[in-house]
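Report on one structure; see the data block that follows.
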Amino acid sequence: MQKVSLWLCAITVLCLLSCNQDDRQEDFNINNTKQLYNTDFTKQYLGKNELSVMPYRTNYLLEGDIMISNELLSEKPFLGKSAGLNRQRWSDNMVYYTIASDMPLSKKRWIDDAIIHWEANTNLRFQERTNQSNYVDFVNTNDNFCTSFVGMIGGRQEATVGNCSTGVMIHEIGHAIGLFHEHNRSDRDQYVRIVSENIQPGFENAFSKYTARGIDGTDYTATLDFMSIMMYFPTAFSVNGNPTITKLDGSSYQWQQQVLSEGDIEGINIMYPTDGTGGGNGEVTICDMVEEWNLNTTYNLGDRVVYLGNLFEKTSINWTFIAFCDEGKNIFSGKLPGDN
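Heads up, the sequence shown is in the working numbering, so the first residue is 44 and it goes up one at a time.
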């Protein structure tokens, strides 16, 4: 998994594990990508590098979901402007945050559960802001976008919560603490092939290596991690439904957008080593006070159960996987509550 200095953000969708791989890709596509097909892009420069961006709120979006301050962009190449975008990590492994007062309970649960997952698996800690200067402000929006700046940019920084999920928020927090998309690693050409002819116009930048943009960063793990929560799925931003990313031999790959992978956790804990502020020892668990699934119980929409060591939430269709309950367990059995 990769951590970089450019503060970017991204969107993911937590999908029903009862779906097959193609279904999961469609769940992702119905979020941002369809909404963006009719979007007008504008050309801006980050330093000397040209980017295709779209206006969003008071800033710009890169790659459809990555917020960049308009103060950092210009209409012409400007060599005097830094392309590093405030290369800062969160001090003392502590991320301060606020949640908007109009945030619906369901969305607040996504944020809370994502934070619990991060604290249970990494050395990072999260604390609601009192008067701290640097903090993430989770803002409620009524669109399909889930966006954020990446890394600590200084002062208040928005993370918008539109049509998201717990998995989306885990991914968004990953960007907020300084992670870049996995396929943008400097060494990605050793592992994947980018199929340019299948990329939706305007999203070509989404498939560039960060080094190609003049951005400095660090790959904290030895190899590309296909199971990283920061990894794009094979048909991301496809104009025709065909793969935009394949393995070097042209084959597809498995991916997941629900939890931090082993590689994610390894890299994050290198990036944020234990320093006495928190050990990421898994003492906080998202499954506390949640009952085991019972065949004879009738469950309603939104109810949660523990089944085979995993946490699930009832949806209108089936059950949605939320998180692993057991520390160190990161392989889903494939079974949902009620499966034989």
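In this text, a Cβ means the ideal position worked out from N, Cα and C, and glycines have one as well.
Quantities reported herein were computed from a predicted structural model and do not represent experimental measurements.
| query | result |
| --- | --- |
| Buried/exposed call for K86, threshold 16 Cβ in 10 Å | exposed |
| Bridge partner(s) assigned by DSSP for R228 | Looking at the DSSP assignment, R228 forms no beta bridge with any residue, so it has no partner. |
| Beta-carbon proximity list for N241, same chain, < 7 Å, skipping 5 on both sides | S281, V282, N283, N285, P286, T287 |
| Between the CA atoms of L104 and F84 - distance to the nearest angstrom | 10 Å |
| Strand pairing of T203, partner residues [DSSP] | V182, T190 |
| Residue environment, K150, which counts as buried when at least 16 other CB atoms sit within 10 Å | buried |
| Own chain partners of E356 with C-beta closer than 6 Å, once the 5 adjacent residues on each side are dropped | R347, T363, I365 |
| Helix, strand or coil at A366 according to DSSP, with G and I counted as helix | strand |
| S271, buried or exposed, once every other Cβ within 10 Å from all chains shown has been counted against 16 | buried |
| Given D155 as reference, the closest of N164, F250, I142, T165 once Cα atoms are compared | I142 |
| R199, buried or exposed, once every other Cβ within 10 Å from all chains shown has been counted against 16 | exposed |
| Through-space distance from N183 to P147, alpha-carbon basis | 8 Å |
| Among G217, Q301, L115, G197, nearest to T165 - alpha-carbon criterion | G217 |
| Beta carbon of W133 nearer than 7 Å to that of T209 | no |
| G306 to I159 span [Cα, whole Å] | 19 Å |
| Y263 beta carbon less than 7 Å from that of I313 | yes |
| T141 - containing beta strand (DSSP E), residue span | 137-142 |
| Distance CB(L167)-CB(R236) smaller than 7 Å | no |
| First through last residue of the alpha helix (DSSP H) which encompasses M212 | 209-219 |
| Run of the alpha helix (DSSP H) containing N164, from where it starts to where it stops | 148-164 |
| As assigned by DSSP and simplified to three states, the class of N339 | coil |
| Exposed unless 16 or more other CB atoms sit within 10 angstroms - verdict on G245 | buried |
| Residue from C207, Q243, I196, W298 with nearest C-alpha to Y139 | I196 |
| For E356, three-class secondary structure by DSSP | strand |
| Check whether M137 and T190 have beta carbons under 7 Å apart | no |
| Alpha-carbon spacing of E215 relative to D108, whole angstroms | 10 Å |
| Presumed contact (8 Å Cβ cut-off) between S95 and N102, rounded CB distance | About 15 Å; that fails the 8 Å criterion. |
| CB of I213 within 7 Å of CB of A163, strictly | no |
| Sequence-distant residues of the same chain with beta carbon closer than 7 Å to D186, five excluded per side | G205 |
| Exposure label - Q64; buried when at least 16 CB within 10 Å | Reliability of the predicted coordinates at Q64 is poor, the pLDDT of 38 falling under 50, and the value obtained from them is presented with this limitation in mind. Classification for Q64: exposed. |
| Short Cβ contact (7 Å threshold) for T173 with F188 | no |
| Assigned exposure category for N248 - 16 Cβ within 10 Å defines buried | buried |
| Supposed contact pair S251 and P277 - C-beta distance, whole angstroms, cut 8 Å | Wrong, their Cβ atoms sit about 18 Å apart, outside the cutoff. |
| C-beta atoms of L354 and C368 nearer than 7 Å | yes |
| Contacts around E201, its chain only, beta-carbon distance under 6 Å, and the 5 residues preceding and following it disregarded | D180, V182 |
| Neighbourhood of R231 by C-beta, 7 Å cutoff - its chain only, sequence neighbours within 5 removed | K252, L267 |
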